[in-house]
Amino acid sequence: MRELKKLWIYVKKYKLFFFGGLFFIILNVIFSMIPGYLNRRIIDDVINGQQMELLFTFLVTYIAANFLRAAAIMIQRFFTESLSQNLLRDLKQDLYDHLQRLSFNFFNNNRTGELMSRMTGDMEAVRMLFADGMIQFTRAIFYIVFVMAVLIPESLKLSLVSLALSPLIGFFAYRLGVRIKPIFRQVRRQYSDLNSTVQENISGIRIVKAFHQQCYEMEKFDEENNNYFTKNYNAAKIWSKYFPIMEFLGGMSTVLLLFYGGRLVIEGEITLGIWMQFNSYLWMLIMPMRMIGHIVNMFSRTSASAERIFNILETEPEIKNKKKAVHIDRVKGEIEFKNVSLSYGDEDILKNVSFHAEPGETIAVMGATGSGKSSLINLIPRYYEPTDGQVLIDGIDNRDYDLRDLRSQVSIVMQDVFLFSETIASNIAYGQPGLDLEKIKRAADISSARNFIEEMESGFEEVIGERGMGLSGGQKQRVSIARAIVEESPILILDDATSAVDMETEHQIQQALEAMDQRSTLFLIAHRISSVRNADQILILDHGEIIERGTHEELIKNKGQYYTMFKEQYKEVIDEKEIEERWVK
Amino acid sequence: MAYNRYFEDEKMENLDPNNIKRVLAYLKPYKYRVALSLFLMAMAAFADLLGPYLTKIAIDNYILAGDYRGLTIISLIFMGLLAVNGFAVRFRVLIMSKVGHQVVRNIRQDLFQHIQNLSFSYFDSIPAGKIIVRVMNNVNSLQNLLENGLINIITDTFRFLAILLIMLNLNLRLTLISITVMPILIFLIFLLKKKIRIGWRRVQKKRSNMNAYIHESLTGMKITQAFVREEKNSNIFKDLQNDYVSNWMKTVMMSHGIFPIVLLINTASVIIMYLVGIRDLNAGLVTIGTLVALLQYIWRLWQPIINISNFYNQVLVANSAAERIFDVLDTDPDIVDLPEAKVMPEIDGKVEFKNVSFSYEEDGEIILKDMNFEVQPGETIAFVGATGAGKSTIINLMTRFYDIDKGDILIDDIDIQGVKIASLRKQIGVMMQDTFIFSGSIADNIRYGNLEATREDIEEAAKMVYADSFIREMENGYDTEVNERGSRLSVGQRQLISFARTILSDPKILILDEATSSIDTQTEILIQKATQAVLKGRTSFVIAHRLSTIRNADRIMVLEAGEIIETGSHEELMARQGHYHDLYMAQYNRVI
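Protein chains in written order, with UniProt numbering: chain L, 1 to 585; chain E, 1 to 592.
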């Protein structure tokens, strides 16, 4: 219920639709009761009472009532649909915008599928409540109130008889709701299990085939598929048990009315017309009872969904602007790490890391898998925050900058390449929509991507599939390098950005980068000596600590880990003696 | 290849009765149960329809006559009919939902099984997301038609005719006059339903565009934040939403219009019936009971008409779903076992390419040209060449992920086209460029290489590739759960895990396609030493960009535009001073 209150904030913006909707639902109830009353008058007054002159008035009223009802229905629907659609749009937009503000950690800890279901399934539950639930709920209440108000004065006894079975119907409807709800939940869960089984199989189909595990995959799938069938069938079993009972009880109310009402007519206690009126109002009493379970369900579903939605909306971004954030247009690109430590849970990712980079310098970071290279560079644009120490950009703690401004200063190529299913041109211009094609081409030149792009059927206008389908690993990397270059940011980060690019091409890219007019401060994570050789500083990380630092020459003289790597990578080209001669002496 | 973007709608398709026929063929094994359902449904409808008729008899014969006993009897009959109706409905729902879900399960199973056998070229041409939609959503959309649609259309037609017959039987003249407005209703409903159908289609497409956009936004969120594009995306999303909402409103209001139309048409009928009926009543041509019964029946006449118009829409939905399903089922796998295929005996390791030519697409770019080479058991071969030179293609052909256009590929002097694919692939371990991590524990991911492996085997394989230490450092060690695509692991870690997986499969031929590109040099060296022991006497192929990886090979093959231009050991090639030498010297010059 607390969640529904939060929704009220969104409803409030559309008060006209909300209260207008309620008003016309009630009007609809009133108009729909008129024909039943007219039936009675026609039978009693016109047919039995032979007052033929009244017929004309009754029929005109009948027509008018139905026209008004038709109009009321349309207006009521217009209001509730407008309300639910507008409300949902606002809520979705808020959620979308909020998700864009949440930090990297949030997305590491939450599955895309889960977030997706907030945006779709849970939103649908909210919509249902305002588009449908509101009508059903209001109608149910007013039907019972109005109908009883009209019928009780006519015949208390018959009213009670008509209502006699209602509690039972309500009871079974409620039971149905209670019992089927968990089963439906199981069905949905099973559906998502089946879905992820299929999804994983298809996305990993090459691995499946390479290891020839089709039989194993079939087994897994069959189990999920059969379970899905069983769960669905279980739901049908419960439905088939309760639904006929409710049908039967509803019908029995008609029978009771026929039997008892018939007696009252025979005894002359009521007229045939009144009996008819009871008859035509009967479903207005049965319907709300049958809806009870449904309505209760809808409310609890919506409030559960709203809770999940608000849970995200109320998640504070871990990383956000300070109160007095510093605005900057363009930094020079001086970067300093001061005793930076980072831990995740008990795990220490970075330990007391310090270094200093002048504007325009190239800093290379090397180290074993898991030694903290990516974590280190992720601190610069504040994707994460250090547990201890400071990251200074142009001498100012990067937590003091306005987040947008800060991130505009940094262009990054992540090791996990992600491209959008758009044209190559708009992928490259992702950070600067609508950028001049010439600039895009120039960036593609630098990243050695232009040739293969222009060889494609539509060149830069070629649309690439989800996650860059249709491009090889190296091609994807080159497109994403172009995407970063085009930004012309003062700080550029390449996180293992050329691992899938061949050596020659990598060399070309590097030379082009060095030849650029405006030199960015460049951070480079790489494994090949050739990639890092020309860097102004090379940092070697081991378990989160910098164990060696210096230029290529210095590190070789140092004869530490870098020296070993160098020897290993180039042992056929250059032997120890030559190294000694060239660098050590 | 043409891919859809978030703002491009998918194309619409036409109704093809063949699709529906093929779906219905799945009902065949259940035909008796379907027949039984129909019978139950007819019974239920009949019991249900008699209600107003009984009311008529009650009014005319008993209430107006003051006959208590008759009234009691008729009430009891009424009750009996309700019970019949209840039982019939119960069993009909049970039977049909079972049949419907079973058929859907069977179709999905056929589809999934078929997909398992499709070749790589198929998966190259269609994005994974679209295949998933076919297996999940499209199959589900048949459910409605199978479980309810068919039965309902038959019973609704029956119902409609039955009501009409009863009414005509009650009073021919009144019935005929009052249903004169029916053609107007049918016309209006079908006209509107068509518009509504088209509208919903459009709404659905807008919705799937919007959802695709949300999905991509979420998966690419880090890029969006890194490139500070939140505002632009927010505006795109706003536009998508507005587009969706306006389409929704248009369509939903049309579909809400159906009921008022029925209401007004019914009003016309009722008015006519009263006008004529009361005159006839006074003339003694009709009884009050009949008039009351007719008034009740006429309201029930409209529902079947609406249902029938709905059915047509259901068929259209099912048709388009079926079309996509059969499109997959009708795709023949390119690569299949020949009828006389033999089981590949245990591989010794000799590999031979004889005049092999290949291109990925018919009349497409030729990737391999007349390639010839021979590899002896136990040799390690490295392929060197620029992107697109054909390195990965050679590997794809050896494992028969694709079939060659010309020439022969022999392993141990046996043509691989003539052996069972399973027996071939089980003996070749490939580690591909794109690592794939399944959701589940790390142990399960390694076990994928050999389902029979014990925990010790798994840990041994992990130790061999130096993955053991980082795995043990994770919170639950080997039982740590990793998400879809292994997002919490670094690329290097993912490569190590899939390496362990490949080692575990105990391959007779090992292929490493840039398997260690994101692994640091030192770990790589350790891995190489460790795997050399395992691979003693086994043939292996290596593709890599790093010199240190290539250098250790027994022989290096330099590829250019689909041809081998140089072969030999590192020393030989250096001595030859050809292409490889140039490549190396370029490296050398860069170092100094």
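Glycine included, C-beta positions come from ideal geometry on N, C-alpha and C.
Please name the residue or residues paired with residue i in a DSSP beta bridge.
{"i": "Val351(E)", "result": "Val375(E) and Ile411(E)"}
{"i": "Ala226(E)", "result": "In DSSP, Ala226(E) forms no bridge with anything."}
{"i": "Gly440(E)", "result": "Val482(E)"}
{"i": "Phe355(L)", "result": "Phe337(L)"}
{"i": "Asp542(L)", "result": "Glu545(L)"}
{"i": "Ala364(L)", "result": "Leu524(L) and Ile538(L)"}
{"i": "Gly568(E)", "result": "Ile556(E)"}
{"i": "Ile509(E)", "result": "Ile428(E) and Thr539(E)"}
{"i": "Tyr401(L)", "result": "Val326(L)"}
Could you tell me which chain E residues have their CB closer than 9 Å to the CB of residue i, listed as they occur along the chain?
{"i": "Ile440(L)", "result": "Neighbours of Ile440(L) on chain E: none; closest Cβ ~14 Å, over 9 Å."}
{"i": "Tyr174(L)", "result": "Residues of chain E passing the Cβ test: none, with the nearest at roughly 19 Å."}
{"i": "Arg407(L)", "result": "Gln225, Ala226, Phe227 and Val228"}
{"i": "Tyr62(L)", "result": "Thr267, Val270, Ile271 and Tyr274"}
{"i": "Ala444(L)", "result": "Residues of chain E passing the Cβ test: none, with the nearest at roughly 15 Å."}
Please compile the residues from chain E whose C-beta is within a distance smaller than 8 Å of the C-beta of residue i.
{"i": "Gln477(L)", "result": "Those do not exist, as Gln477(L) stays about 10 Å from chain E at its closest Cβ, beyond 8 Å."}
Give every residue of the same chain whose Cβ lies closer than 6 Å to the Cβ of residue i, excluding the five residues on either side of it in the sequence, and list them in chain order.
{"i": "Leu81(E)", "result": "Ala47 and Leu50"}
{"i": "Met371(E)", "result": "Phe353 and Val356"}
{"i": "Asp239(E)", "result": "none"}
{"i": "Gly560(L)", "result": "Glu548"}
{"i": "Leu151(L)", "result": "Ser159"}
{"i": "Glu10(E)", "result": "Because the pLDDT of Glu10(E) is 47, which lies under 50, any placement of that residue in the model is unreliable, and the number read from its coordinates should be weighed accordingly. None."}
{"i": "Ile26(L)", "result": "Phe142"}
{"i": "His114(E)", "result": "Leu329"}
Give every residue of the same chain whose Cβ lies closer than 7 Å to the Cβ of residue i, excluding the five residues on either side of it in the sequence, and list them in chain order.
{"i": "Lys206(E)", "result": "Asp243, Tyr244 and Asn247"}
{"i": "Ile196(E)", "result": "Thr251, Met254 and Ser255"}
{"i": "Pro333(E)", "result": "Asn117, Leu118 and Ser119"}
{"i": "Lys92(L)", "result": "Met119 and Met123"}
{"i": "Leu393(E)", "result": "It should be pointed out that residue 393(E) corresponds to Thr in this sequence rather than to Leu. Excluding residues within five positions, the ones whose Cβ falls inside 7 Å are Phe358, Ile367 and Leu368."}
{"i": "Pro381(L)", "result": "Leu406, Arg407, Val410 and Ile412"}
{"i": "Gly378(E)", "result": "Gly349, Gly537, Arg538 and Thr539"}
{"i": "Leu435(L)", "result": "Ala429 and Val486"}
{"i": "Ile95(E)", "result": "Arg33, Leu36 and Ser37"}
Check for me: the alpha helix (DSSP H) holding residue i runs from which residue to which?
{"i": "Thr302(L)", "result": "Leu272 to Leu313"}
{"i": "Asp193(L)", "result": "Ser166 to Ser203"}
{"i": "Asp156(E)", "result": "Leu150 to Leu170"}
{"i": "Val145(L)", "result": "Met134 to Glu154"}
{"i": "Phe211(L)", "result": "Premise fails: Phe211(L) is in no alpha helix (DSSP H) and is neither H nor E."}
{"i": "Phe259(E)", "result": "Ile258 to Asn282"}
Among the residues of its own chain, which have a CB less than 8 Å from the CB of residue i, if the five just before and after it don't count?
{"i": "Gly204(L)", "result": "none"}
{"i": "Val147(L)", "result": "Met33, Tyr281, Met284 and Leu285"}
{"i": "Ser121(E)", "result": "Asp334, Tyr360 and Tyr402"}
Which two residues bound the contiguous beta strand (DSSP E) that contains residue i?
{"i": "Tyr344(L)", "result": "Ile335 to Tyr344"}
{"i": "Gly389(L)", "result": "Asp388 to Ile393"}
{"i": "Thr521(L)", "result": "Thr521 to Ile525"}
{"i": "Glu560(E)", "result": "Arg555 to Glu560"}
Which residues of chain L have a Cβ atom closer than 7 Å to the Cβ of residue i, listed in chain order?
{"i": "Pro260(E)", "result": "Ala70, Ile73 and Met74"}
List, in order along the chain, the chain L residues whose C-beta lies closer than 9 Å to that of residue i?
{"i": "Lys426(E)", "result": "Phe211 and His212"}
List, in chain order, every chain L residue whose beta-carbon is nearer than 8 Å to that of residue i.
{"i": "Gln587(E)", "result": "Met503, Ser530, Tyr570 and Val573"}
{"i": "Arg105(E)", "result": "Asn225, Asn226, Tyr228 and Phe229"}
{"i": "Thr454(E)", "result": "None at all; the shortest Cβ gap to chain L is about 17 Å."}
Below 7 Å on C-beta distance, what does residue i contact in chain E?
{"i": "Ile47(L)", "result": "Ile278, Leu281 and Ile288"}
{"i": "Asn66(L)", "result": "Leu263, Leu264 and Thr267"}
Q) At a Cβ cut of 7 Å, what residues of the region 242–253 of chain E count as close to chain L, listed as they run along the chain? A) Answer in chain order: Val245, Trp248, Met249, Val252 and Met253.
- Pull out every residue of the region 113–125 of chain L whose Cβ sits closer than 7 Å to any Cβ of chain E, in chain order. From the region 113–125 of chain L, only Leu115, Met116, Met119 and Thr120 have a Cβ closer than 7 Å to chain E.
- Quick one: which residues of the region 517–534 of chain E get their C-beta closer than 7 Å to a C-beta of chain L? List them in chain order. The residues in question are Ser517, Ser518, Ile519, Asp520, Thr521, Gln522, Thr523 and Ile525.
* Short-range partners of chain E found in the region 337–363 of chain L, where Cβ spacing is below 8 Å -> Cβ contacts with chain E: Gly345 and Glu347.
| Residues in the region 18–42 of chain L with C-beta within 7 Å of chain E's C-beta atoms, listed in sequence order? | Those residues of the region 18–42 of chain L placed with their C-beta closer than 7 Å to a C-beta in chain E are Ile42, ordered along the chain.
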